[in-house]
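Colleague: Residue numbers (UniProt numbering), protein chains in the order written: chain A, 1 to 261; chain B, 1 to 261. Here a beta-carbon is modelled for each residue, glycine too, at the ideal position from N, C-alpha and C. In this text the structure is predicted, and so the values were computed from the model without any measurement.
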DNA sequence: TATTTAATTTTACTGTATGAAATTCCACAA
DNA sequence: TTGTGGAATTTCATACAGTAAAATTAAATA
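1. Under 8 Å, Cβ to Cβ, is there at least one residue of chain B near residue 20/A?
2. What are the boundary residues of the alpha helix (DSSP H) that residue 162/A is part of?
3. Quick check: the Cα distance between residue 67/A and residue 198/B, rounded to an integer number of angstroms?
4. Between which two residues does the alpha helix (DSSP H) holding residue 143/A run?
5. One question on the structure: do residue 124/B and residue 83/B come within less than 8 Å of each other, judged by their Cβ atoms?
6. Whether or not the stretch 75-95 of chain B and the stretch 42-61 of chain A are in contact is what I'm after, with contact meaning three or more pairs of Cβ atoms, one per stretch, closer than 8 Å; do they touch?
7. Measuring alpha carbon to alpha carbon, tell me which of 137/B, 202/B, 159/B ends up nearest residue 144/B.
8. Please report whether the beta-carbon of residue 264/B lies at a distance below 8 Å from any beta-carbon of chain A.
9. So who's on the other strand from residue 71/B, going by DSSP bridges?
10. Any Cβ of chain A within less than 8 Å of the Cβ of residue 263/B?
11. Report the option in 39/B, 31/B, 25/B whose CA atom is closest to the CA atom of residue 58/B.
12. In chain B, what lies closer than 9 Å to residue 178/A by C-beta?
13. Compute the Euclidean distance between the alpha carbons of residue 166/A and residue 204/A, then round it to the nearest angstrom.
14. How about residue 268/A and residue 111/A: do their beta carbons lie closer than 8 Å?
15. Could you run through the stretch 70-86 of chain A and flag, in chain order, every residue whose CB is less than 8 Å away from some CB of chain B?
16. Is residue 226/A closer than 8 Å to residue 108/A when the C-beta atoms are compared?
17. In angstroms with no decimal places, state the Cα-to-Cα distance between residue 251/B and residue 76/A.
18. Give me, in chain order, the residues of the same chain whose beta-carbon lies closer than 6 Å to that of residue 222/A; leave out the 5 immediate sequence neighbours on both sides.
19. For the stretch 172-189 of chain B against the stretch 224-241 of chain B, do three or more pairs of beta-carbon atoms, one drawn from each stretch, fall closer than 8 Å, so that the two count as touching?
20. So residue 184/A packs on residue 162/A, CB below 8 Å; how close in whole Å?
21. Specify, as a first and last residue, the run of the alpha helix (DSSP H) that residue 125/A falls within.
22. Quick one: which residues of the stretch 117-131 of chain A get their C-beta closer than 9 Å to a C-beta of chain B? List them in chain order.
23. For chain B, check one thing: does any of its Cβ atoms lie closer than 8 Å to the Cβ of residue 150/A?
24. The ligand HEM and residue 81/B: does any heavy atom of the ligand fall closer than 7 Å to the residue's C-beta?
25. Can you tell me whether residue 70/A is buried or exposed? The criterion is at least 16 other CB atoms within 10 Å of its CB, across all chains shown.
26. Classify residue 235/A as helix, strand or coil using the three-state DSSP reduction.
27. So, at 8 Å on beta carbons, what are the nonlocal neighbours of residue 13/A in its own chain, with the 5 sequence-adjacent residues on each side left out?
28. In this structure, how does DSSP classify residue 196/B when only helix, strand and coil are distinguished?
29. With DSSP run on the structure shown, which of helix, strand or coil describes residue 18/B?
30. Using CA coordinates, which residue listed in 120/B, 121/B, 118/B, 126/B is at the minimum distance from residue 104/B?
31. Could you say which of 116/B, 173/B, 168/B, 253/B lies nearest to residue 64/A if we only look at CA atoms?
32. Residue 10/A by DSSP, collapsed to three states: which one?
33. Would you kindly check if the distance between the Cβ of residue 81/B and the Cβ of residue 151/B is under 8 Å?
34. For residue 51/A, which three-state DSSP category applies?
35. Taking its Cβ as the centre, do 16 or more other Cβ atoms sit within 10 Å of residue 175/B, making it buried, or is it exposed?
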């Protein structure tokens with residue numbers, strides 16, 4: 001039973017056990033719908049109650065966790081951290097004007113996602129003239145296997161990596177048990193295509209295209225998407241925007257690469 | 001039980017040293033204007049480079065820290081955490097409609113702050129009809145010693161606690177070296193007053209009143225404020241709103257107390 | 001009040017975090 | 001290109017901090 005299925009991924013040296021466990025607790029708390037009690041958290045993280053309690057206490061001292069009665073949840077200290085990220089990090093900073101321009105030119109909603117573990121996170125979004133009819137808030141975790149902006153992040157992965165993605169997606173309840181590589185492959189962009197398309201996939205009534213933001217370092221971790229209500233845009237309409245998207249992605253990559261501190 | 005000397009300092013039992021240090025690194029990264037290199041971070045946190053490096057690596061694995069070249073900064077994983085907090089925590093959730101109503105009735109900007117260590121954080125804000133002429137983003141850290149919403153959080157503290165607040169405020173560069181208890185006392189509400197007032201204090205051109213959100217547990221940690229441009233509201237105008245504020249604070253306290261999971 | 005379950009503290013043990021020192025890496029200069 | 005200094009990283013012996021079992025206390029439930 002390898003219950004060690006933590007999103008912090010057991011790496012080589014298994015360094016900093018207590019810190020890794022604390023992060024595991026912190027992440028677990030984010031997955032709950034409601035605050036949870038000590039024993040539940042301990043069980044879900046696969047560690048003993050005393051250990052979990054001590055971790056929670058330290059996190060609580062810094063405001064990263066808060067407690068009412070016997071229930072623990074994410075605390076207010078995450079708010080300033082996110083603020084710092086949004087104001088200082090080159091990714092959202094650089095993306096803002098670019099998404100702005102995309103939304104302006106296309107009338108569609110322009111979004112920037114980044115990969116985080118086996119999910120993607122909406123980092124920045126500029127809503128276009130054509131409303132989507134629903135709100136997707138900054139910072140929301142979304143699947144990689146569903147939606148154009150997720151799938152394009154998988155385009156460059158090999159078989160082994162995709163297998164990991166699939167088992168994680170099942171674990172996270174994004175995909176049903178038994179979800180196969182073939183099913184996933186069918187959704188992903190065909191060989192040679194540098195963009196992904198989705199229709200009624202992650203959200204119903206919504207179509208979108210996405211391209212990857214090039215990065216010379218490790219694999220692709222960011223994507224830019226254009227999204228529209230399904231009744232207002234055809235597939236061809238969206239695909240016609242791909243060159244524009246490509247250009248935006250390239251511009252963002254250049255900006256990121258040239259950021260000097 | 002005395003308030004911990006410093007959220008990042010070694011406490012009585014000195015429990016979880018590595019975790020405490022990791023949090024210290026995480027907080028330090030939030031204080032930098034720009035990404036910093038390993039040795040700088042290590043020095044600022046008062047620990048060795050190898051230790052700091054190991055901590056940074058673990059934080060990086062979870063996305064709480066990111067790195068470009070040799071520079072470390074806060075990573076994108078804080079975004080989903082903040083999202084969870086804003087969507088699930090009873091504090092912002094309960095406050096939203098109450099602030100909404102306050103802003104509606106008064107035409108002013110209504111804000112909810114929570115104390116975090118020796119600072120306060122803007123948790124939720126509803127902008128009123130009368131614009132303030134500046135933006136204050138959710139999650140920003142602000143001083144306790146300046147501004148109505150900060151000062152009201154200090155109203156119930158004793159001499160010893162105020163001394164701590166002062167030395168922390170100096171440490172954080174919110175107050176000049178040599179800032180005295182008498183100077184602070186002069187700003188704080190007089191005995192018997194349950195509200196604080198500020199004019200051109202934290203932000204110029206802005207006046208505000210604030211009341212504390214009652215809490216039966218430990219000391220007060222939340223405050224609600226009404227803010228207006230200085231040219232549009234007199235002190236009396238604002239103080240006339242105090243009963244309304246009191247009512248809102250009471251309502252919020254009741255909501256929080258009755259929240260069931 | 002009795003009974004059960006969860007939270008917390010204690011304790012003895014074990015493994016992990018630690019920093020000095022050594023080594024490698026890297027930027028810049030010669 | 002090679003040399004040089006500073007920074008990052010790895011190694012490693014040691015001390016100490018984190019661990020879980022068991023005990024204790026508190027809090028639900030009947």
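Modeller: Reading from the atomic positions:
1. At least one chain B Cβ lies under 8 Å of residue 20/A.
2. Going by DSSP, residue 162/A is part of the alpha helix (DSSP H) stretching over 159-171.
3. Their Cα atoms are separated by approximately 32 Å.
4. Counting along the chain, residue 143/A falls outside any alpha helix (DSSP H), though it belongs to the beta strand (DSSP E) covering 141-143.
5. Their beta carbons are not under 8 Å apart, which means residue 124/B does not touch residue 83/B by this criterion.
6. Output reads no: the stretch 75-95 of chain B does not touch the stretch 42-61 of chain A.
7. Of the candidates 137/B, 202/B, 159/B, the one whose C-alpha sits nearest the C-alpha of residue 144/B is 202/B.
8. One cannot answer for residue 264/B here, as it falls past the ends of chain B, which runs 1 to 261.
9. In the DSSP secondary-structure assignment, residue 71/B is bridged to 37/B, 68/B.
10. This structure cannot settle anything about residue 263/B, because the visible part of chain B is limited to 1 through 261.
11. Closest option to residue 58/B, Cα to Cα, is 25/B.
12. Going along chain B, no residue has its Cβ under 9 Å from residue 178/A, so there is no contact; the nearest lies around 28 Å.
13. Near 22 Å, if we compare the C-alpha coordinates of residue 204/A and residue 166/A.
14. Since the first residue shown for chain A is 1 and the last is 261, residue 268/A is missing from the structure and cannot be characterised.
15. Residues 71, 73, 74, 75, 76, 77, 78, 79, 80, 81, 82, 83, 84, 85, 86.
16. In this structure, residue 226/A lies closer than 8 Å to residue 108/A by Cβ.
17. Rounded to the nearest whole angstrom, the C-alpha separation of residue 251/B and residue 76/A is 21 Å.
18. So the qualifying residues of the chain are 114, 213.
19. Output reads no: the stretch 224-241 of chain B does not touch the stretch 172-189 of chain B.
20. Right, the Cβ-Cβ distance comes to about 6 Å (below 8 Å), so this counts as a contact.
21. Here residue 125/A belongs to no alpha helix (DSSP H); instead the beta strand (DSSP E) covers 119-126.
22. The stretch 117-131 of chain A vs chain B, Cβ under 9 Å: 117, 119, 121, 122, 123.
23. Contact with chain B is absent for residue 150/A, since none of that chain's Cβ atoms lies less than 8 Å from the residue's Cβ.
24. In the structure shown, the ligand HEM is absent, as is every other ligand, since no ligand is present at all.
25. With fewer than 16 Cβ atoms within 10 Å of its Cβ, residue 70/A is classed as exposed.
26. DSSP places residue 235/A within a helical segment (H, G or I) once states are collapsed to three.
27. Because residue 13/A sits at a pLDDT of 46, beneath the cut-off of 50, its placement in the model cannot be relied upon, and the following sentence gives the value as read from the coordinates. Cβ neighbours of residue 13/A beyond the five flanking positions: none.
28. It is a strand residue.
29. In this structure, DSSP gives residue 18/B a helical state, which the three-state scheme calls helix.
30. Closest option to residue 104/B, Cα to Cα, is 126/B.
31. Checked all of 116/B, 173/B, 168/B, 253/B; the closest Cα to residue 64/A is 116/B.
32. Unreliable placement is indicated for residue 10/A, whose pLDDT of 33 sits below 50; the coordinate value is still reported in the next sentence. Three-state DSSP puts residue 10/A in coil, outside helix and strand.
33. The Cβ atoms of residue 151/B and residue 81/B do not sit closer than 8 Å to each other.
34. Looking at residue 51/A - three-state DSSP - the assignment turns out to be helix.
35. Per the 10 Å Cβ criterion, buried.
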